[in-house]
Structures are given as structure tokens and as C-alpha cells.
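2 protein chains.
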Amino acid sequence: MLSLHQLRCFLTTVEHGSLTAAAEQLGYAQPSVSEQIRSLERSLGVTLFTRVGRGVVPTTAAETLRPHAEQTLAAADAAERAVRSVATLETGTIRFGAFGTVRLYAGASLVADVLERHPGVRVELVGQNSTEVQEQLRRGHLEAAMIAIPQVTAEGLTVIPVARDELVYISADPERLARPVTAKALASAPLVMAEASFRAEDSTRRILRRWLHEIGISTTTRIEVEDVETAVELVGRGLADSIIHKGAARQLLPRLAPDAGYTSLRPKQWDTLAIAHRTDAVLSPAARLMIELATRRIQSIAEPLGAVP
Amino acid sequence: MLSLHQLRCFLTTVEHGSLTAAAEQLGYAQPSVSEQIRSLERSLGVTLFTRVGRGVVPTTAAETLRPHAEQTLAAADAAERAVRSVATLETGTIRFGAFGTVRLYAGASLVADVLERHPGVRVELVGQNSTEVQEQLRRGHLEAAMIAIPQVTAEGLTVIPVARDELVYISADPERLARPVTAKALASAPLVMAEASFRAEDSTRRILRRWLHEIGISTTTRIEVEDVETAVELVGRGLADSIIHKGAARQLLPRLAPDAGYTSLRPKQWDTLAIAHRTDAVLSPAARLMIELATRRIQSIAEPLGAVP
DNA sequence: AGAAAGCATAGGTTTCCCCTAGGGATCGCC
DNA sequence: GGCGATCCCTAGGGGAAACCTATGCTTTCT
Chain A
9 MLSLHQLRCF LTTVEHGSLT AAAEQLGYAQ PSVSEQIRSL ERSLGVTLFT
59 RVGRGVVPTT AAETLRPHAE QTLAAADAAE RAVRSVATLE TGTIRFGAFG
109 TVRLYAGASL VADVLERHPG VRVELVGQNS TEVQEQLRRG HLEAAMIAIP
159 QVTAEGLTVI PVARDELVYI SADPERLARP VTAKALASAP LVMAEASFRA
209 EDSTRRILRR WLHEIGISTT TRIEVEDVET AVELVGRGLA DSIIHKGAAR
259 QLLPRLAPDA GYTSLRPKQW DTLAIAHRTD AVLSPAARLM IELATRRIQS
309 IAEPLGAVP
Chain B
9 MLSLHQLRCF LTTVEHGSLT AAAEQLGYAQ PSVSEQIRSL ERSLGVTLFT
59 RVGRGVVPTT AAETLRPHAE QTLAAADAAE RAVRSVATLE TGTIRFGAFG
109 TVRLYAGASL VADVLERHPG VRVELVGQNS TEVQEQLRRG HLEAAMIAIP
159 QVTAEGLTVI PVARDELVYI SADPERLARP VTAKALASAP LVMAEASFRA
209 EDSTRRILRR WLHEIGISTT TRIEVEDVET AVELVGRGLA DSIIHKGAAR
259 QLLPRLAPDA GYTSLRPKQW DTLAIAHRTD AVLSPAARLM IELATRRIQS
309 IAEPLGAVP
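Going line by line, the protein sequences match chains A and B. To convert a position in the first sequence, counted from 1, into our numbering, add 8. To convert a position in the second sequence, counted from 1, into our numbering, add 8.
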């Protein structure tokens, strides 16, 4: 049976023109190489070297074999290196940004997905606050992140939209949920707003601001909080109402505000969810995996938008 | 250490989605395949299958490895088939020695013969000069050669006579060709001699020397040239006469010296044509084919002598 | 002619390959 | 929910293969 080991011995012998030199090169004793060559000749039914005096001379069969042997070994080497590059992913850390509402999609079950496919990896979800993610993206400490799209794309970042998510009105007051909320109704509501995107360019607020501005009403935010969970809890206690992503509402309301519900805005408003990475970055397999899984997950909840990069 | 065997087991397992099925396909017991996969995983430092309940599921590392494994096995298979095709003369290079006058017999039409029978092969006729052929035979770069027999066989070479060829006198002077040339007449002729055999042991000259020596005459070579064609051309221009093989005369005179002709020596002298190869060599099919065809061709021109090996 | 270089052979040890036998987990079916 | 079937793993043993050292033979160089 043909073996890579035989081919290696063969090639080294051809290159050095000597069994002894090949053995030395390979770190074996000379008879070992000799035996490998002999077994290769036997398995191929061909004489590869004519033993002449001191030294060996390759036959035409050997010359025929040579390029194929080289290609085979090259392919095997490529296989090894390809897998090893994955191995670094297997044993390394996947560091991925996901903050604001997006974090809810790319949460525990996403991590579970990754761990199932790559049992050895360590997963790090970065997303305590938007400033941190933005900063780490910019400095290259994070390869990529899932974000609610900012209206003005940050410099040096490539942003790829993957889905859109509806903005819904959440409240503990059934009466307010009876019909879609208009801008006018919104203006008179006590609101708690959470940061859902880049601090300076929070997309949700920007959308609301523009919407209300169109009909000459200014925002009336009552409370400002850091994270969506807190906002939802406050809504659950009836202290205020809020506007969040529909996907977040479906996930959080049952858990944090069982007595609250949600309804659409009128007209409906949408926020865009996207992947962001440094424009000049070459994404690693790990980042690609994370993006793929997160995208799939988001698109299974929100409305798909465009193609996966 | 990576091995083809491991890759084979791996691929079969991926394709069948089961170790048991792969083992059955490969004709092994299940634990054997299992062990191969495990050793492959260990040598790559990667988990290839997640053992889930009953059954195995390939990881992304396995998906990465798969195309490379396929390519490696394909390359190995190609290597095997390439060499086997050489063994059966479907392809490959036939390298054969033929120099001096013999080259005229084993010339273009011999090559055509070989190519007709084996369209895929490449033919290499080595024979620029005798030293080169002798050297390559001795060093094993040539398996076999057709030669004009040397009186003293070279050491380590087996020489098998296959035919004898008459030595004839060629001249542009019709008067000299009127009757067979005796030693006496030869002594007074201006001669051009070409190297026709091993440089040091040129058989033609040796024969002539012995012949003339018997009647107390020394040779009177006027010109020395490397190849027979040049000698014949000089004869054609009337600058000298020469002694060459009859077969060579018949082939070359019309082409190179149309005004010249040939006549026998008196008594007739013969040179022996033979096949030479290393004594300890096992001849390849390619060499045997070449020997057989060359022998047949020579014997159709010169007088057969002994049997084909 | 003697020394050096290179391959082959011989014999023994270690490693690897493959087998059979049996244990544990999961899945499907009563 | 129990039970058989399926599939993988572990354990241990036998045989082959790989590798080594030591040695002998041939060729080549000096």
C-alpha cells in the first residue's frame, strides 16, 4: 500500500541522489530509507533506482513518479496547514461585539451554537456598552460586531446590513396598546429610553427624533438608562413606556415585564441591524463563523435584508 | 505523522456518516477505523467528529479537511497510475543508446516503430559520441545500447551479438571500386576514418589494423573525424576514401555522396553489431522493447547472428 | 593498494495496525 | 417506561512493519 512516508523517502533520495544523504536528511538510518524505497518499488511493481557502484540513479519511472509524489506531499501538507489554521480557532478565543438590543439575539443560544461546533473554543461576547465596542472595533481589538445601524457610519468601518427590525411601543397600560401608536400619542407618553446603538448616534432615537420632528413635536424622554433590560423593567412597573426593537420585546417582556405588552407605531418604523468591521480588516475564520451564526439567528427573528457577506 | 491511510478512513467516515459503515466499506473492524480517526485527530490537534449519542457528526475542522484529503488521495492515486502506465509502456520515456554506424540503423524509422506501437511514450536516442554512451551505460543512466562490438568487452557490461555487417571500401573514384580492395591496395589509399565504436576500442579500426598487420603493412589514415556522415561527405568530394559498414554505405552514399560507390574488401572483413547492458541490470519493458525492435531492424539489413535475448 | 563512501543484509527491539470481546449511551418501538 | 438494536468506546493480544546497530561487499578516490 502506497504511503506518504514512502513518497517522502523517495523524493528526498531523488533530490540528494543518495540513500545515505536522504537518511541523514530525514533523520533515519540508511537501511530504513533503503527499505522504504524497496517497499515502494515493490508496491508499484517498478524499479525506481538502479543501484550502480556506489550511489543510485533514478530510472525513467522515478522521473515519472517524481512530480506526482511532489504534488501528493504538497496536498497533504496543505491539508495539514488548513486544518491547523482551523485548530487555532478550535482552541483560541472568539471575540465578538454585540451590544444594545442586538445582544439579545446574539446571546446565550448563539454562544451555545458556537460551542457545539467548536467544542474547544472560548467565546467572549463584548458589549457592556457601546463606547467600549466602538473603541475596540476601531483599535482592532474586536474584529467585528453586530450593531443597530447608525445613521452616519463611523469612519473606517464597513457596515453590512443584514436585517431590519420593527420598533414597537411597549407599555404596562393595556389601553395604550389598544391601537398603533401615532406620533401624536407618543408625544404625550412618559418614555424611558435605553441606549441601543452608538452613544452619539443612537439609531433608535435618531429615527424617533426625525419622525416626531416631521410633525413638529419634540421628544419627551422621561428616563435615560444604559441597558434595555432596565428600561423594560421600568415599563413593567408602569413607571414609563418605551420604544424598543420588536425582537427585544418578544424576548424580554415575558421575562422582565409579564404584565406589559407591545404594539406597532403608526406608521411603522424600522431599525436596521448590521455587521460592522474595520474596512481594511481581513476577517478570520472565527469572525466569519461568528458573523454567519449571528446573522442566521437575527434573520430568523427579524426580517432578512440583503445577503450574508 | 499524517498518513494516506488515515485520510482514507476519514473520508470514508465522512461520506458514510458512521464509523461502522466506513469500517464495513473499507473491510476493517470498527475499532480500527476509530483508532485511525483518533490518531488523525491527535496528529492534527483537532477534533474531527463530535461523538453524539449513536453516530458521529463532522466538525467544521472536518469540513475544512475534506477537500484537501480528497485532493491528496487523488494525487496519490494519480501517482500510482502514472507509474503503472510507465510499467506497461503506455507512457514514459524510453532512453536508449545507439552511436556510431549503428545509429543509422536505429534511427528515425526505429523511433517511428516504437511510437506506432506505444503512442504515449517519449523516445530518447542517446548517441552524440561513444564516450557519452559508454559513460552513461556504466553509470546506469542508460539501460542498454546498440554498439559495434569492441574486441575487448568493457568490464561490467554484458554484450550480446545480434548481427554482423560487412566492412566496405567507399570511394568517389570508379577505378578504385572496379574490384575488391586488397590490403595492399588499401595501404596506398588516402583514408578518412570515423569513430564507429568505443573511442579507445574502435572495432572497425581494430579489425583493419589486425588485417593489415598480418601482411606487414601499417595503416595510413589521412583524416580523422567524429561521425560517419562527415567521412562520407569527404569521400564524396574525392578528398579521401574510407571504410565503413555496408549498411551505412547503402544508407549514406546516395544522400551524401551520390557520385561515390562501394566495394568489398578482399578477403571480406566483418564487424559485429551487439546489444550491451550492465551485467547486473534487470531490463525494463521499455528497454526490452527497444532492444527487440532495434535487433529486428538491424537483422533485416545485416546478417543475423545468434538469437535475440 | 589502501582508505573512504555507499548500499545491502542480518538480527533484534519497538511501534503500529488490526483483530475479538465486552461495556455504555442513545434511539426507536412496543 | 422498559427493551432491544445500534453505534461508539475500551481492553488486550497477535502479527506485521518500521527502525536501529553491526557488518560485509563493491566502487571510487588518492
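Just so you know, even glycine gets a beta-carbon here, dropped at the ideal spot from N, CA and C. Just so it is clear, the structure is predicted and the values come from calculations on it, not from any experiment.
For residue j and residue i, the rounded distance between their alpha carbons
{"i": "isoleucine 102 (chain A)", "j": "valine 170 (chain A)", "result": "21 Å"}
{"i": "alanine 265 (chain A)", "j": "valine 200 (chain A)", "result": "14 Å"}
{"i": "valine 290 (chain B)", "j": "glutamate 300 (chain B)", "result": "15 Å"}
{"i": "leucine 123 (chain A)", "j": "valine 129 (chain A)", "result": "7 Å"}
{"i": "arginine 296 (chain A)", "j": "glutamine 144 (chain B)", "result": "59 Å"}
{"i": "glutamate 183 (chain B)", "j": "serine 250 (chain B)", "result": "15 Å"}
{"i": "alanine 302 (chain B)", "j": "tyrosine 113 (chain B)", "result": "8 Å"}
{"i": "arginine 16 (chain A)", "j": "valine 22 (chain B)", "result": "27 Å"}
{"i": "leucine 19 (chain A)", "j": "glutamate 88 (chain B)", "result": "15 Å"}
{"i": "isoleucine 252 (chain B)", "j": "aspartate 121 (chain B)", "result": "26 Å"}
{"i": "arginine 305 (chain B)", "j": "histidine 221 (chain B)", "result": "34 Å"}
{"i": "serine 272 (chain A)", "j": "isoleucine 178 (chain A)", "result": "9 Å"}
{"i": "lysine 192 (chain B)", "j": "glutamine 307 (chain B)", "result": "31 Å"}
{"i": "serine 40 (chain B)", "j": "threonine 58 (chain A)", "result": "38 Å"}
{"i": "arginine 50 (chain B)", "j": "glutamine 44 (chain A)", "result": "25 Å"}
{"i": "phenylalanine 107 (chain B)", "j": "glutamine 38 (chain A)", "result": "38 Å"}
{"i": "threonine 212 (chain B)", "j": "glutamate 32 (chain A)", "result": "49 Å"}
Beta-carbon spacing of residue i, residue j below 8 Å
{"i": "arginine 8 (chain B)", "j": "valine 189 (chain B)", "result": "Given that chain B is displayed from residue 9 to residue 317, the structure contains no residue 8 (chain B) and the question cannot be resolved."}
{"i": "tyrosine 270 (chain B)", "j": "leucine 194 (chain B)", "result": "no"}
{"i": "valine 91 (chain B)", "j": "leucine 12 (chain A)", "result": "no"}
{"i": "glycine 255 (chain A)", "j": "aspartate 181 (chain A)", "result": "no"}
{"i": "valine 131 (chain B)", "j": "glycine 105 (chain B)", "result": "no"}
{"i": "leucine 97 (chain B)", "j": "alanine 294 (chain B)", "result": "yes"}
{"i": "isoleucine 155 (chain A)", "j": "valine 110 (chain A)", "result": "yes"}
{"i": "leucine 355 (chain A)", "j": "histidine 24 (chain A)", "result": "With chain A covering 9 to 317 only, the question about residue 355 (chain A) has no answer from this structure."}
{"i": "leucine 27 (chain A)", "j": "valine 64 (chain A)", "result": "yes"}
{"i": "valine 243 (chain A)", "j": "threonine 72 (chain B)", "result": "no"}
{"i": "glutamate 241 (chain A)", "j": "alanine 202 (chain A)", "result": "no"}
{"i": "isoleucine 215 (chain A)", "j": "aspartate 279 (chain A)", "result": "yes"}
{"i": "leucine 261 (chain A)", "j": "glutamate 237 (chain A)", "result": "no"}
{"i": "serine 47 (chain A)", "j": "glutamine 14 (chain A)", "result": "yes"}
{"i": "proline 198 (chain A)", "j": "alanine 153 (chain A)", "result": "no"}
{"i": "alanine 310 (chain B)", "j": "isoleucine 157 (chain B)", "result": "no"}
Per DSSP, cross-strand counterpart(s) of residue i
{"i": "phenylalanine 104 (chain A)", "result": "A:Leu133"}
{"i": "methionine 9 (chain A)", "result": "Beta-bridge pairing links methionine 9 (chain A) to no other residue."}
{"i": "arginine 172 (chain A)", "result": "A:Thr280, A:Glu311"}
{"i": "aspartate 249 (chain A)", "result": "A:Leu199"}
{"i": "glycine 269 (chain B)", "result": "B:Ser179"}
{"i": "threonine 58 (chain A)", "result": "A:Val65"}
{"i": "isoleucine 319 (chain B)", "result": "A question about residue 319 (chain B) goes unanswered here, because the residues of chain B that appear run from 9 up to 317."}
{"i": "alanine 153 (chain A)", "result": "A:Gly105, A:Ala284"}
{"i": "arginine 125 (chain B)", "result": "In DSSP, arginine 125 (chain B) forms no bridge with anything."}
{"i": "arginine 274 (chain B)", "result": "B:Thr190"}
Cβ neighbour criterion (16 or more within 10 Å) applied to residue i
{"i": "aspartate 267 (chain B)", "result": "exposed"}
{"i": "arginine 218 (chain B)", "result": "exposed"}
{"i": "histidine 126 (chain A)", "result": "buried"}
{"i": "glutamate 151 (chain A)", "result": "buried"}
{"i": "methionine 9 (chain A)", "result": "exposed"}
{"i": "threonine 287 (chain B)", "result": "exposed"}
{"i": "arginine 172 (chain B)", "result": "buried"}
{"i": "alanine 239 (chain A)", "result": "buried"}
{"i": "arginine 207 (chain B)", "result": "Residue placement at arginine 207 (chain B) is flagged as unreliable, the pLDDT there being 48, under the threshold of 50; the coordinate-derived value follows with that caveat. Burial call: exposed."}
{"i": "serine 196 (chain B)", "result": "exposed"}
{"i": "glutamate 232 (chain A)", "result": "exposed"}
{"i": "alanine 116 (chain B)", "result": "exposed"}
{"i": "glycine 148 (chain B)", "result": "buried"}
### Task
Answer yes if the region 77-95 of chain A comes into contact with the region 83-91 of chain B, meaning at least three C-beta pairs across the two stretches below 8 Å, and no otherwise.
Result yes; three or more Cβ-Cβ pairs closer than 8 Å.
### Message
Would you call the region 93-101 of chain B in contact with the region 53-69 of chain A, where contact means no fewer than 3 C-beta pairs closer than 8 Å?
### Response
The region 93-101 of chain B and the region 53-69 of chain A touch, with no fewer than 3 CB-CB distances between them shorter than 8 Å.
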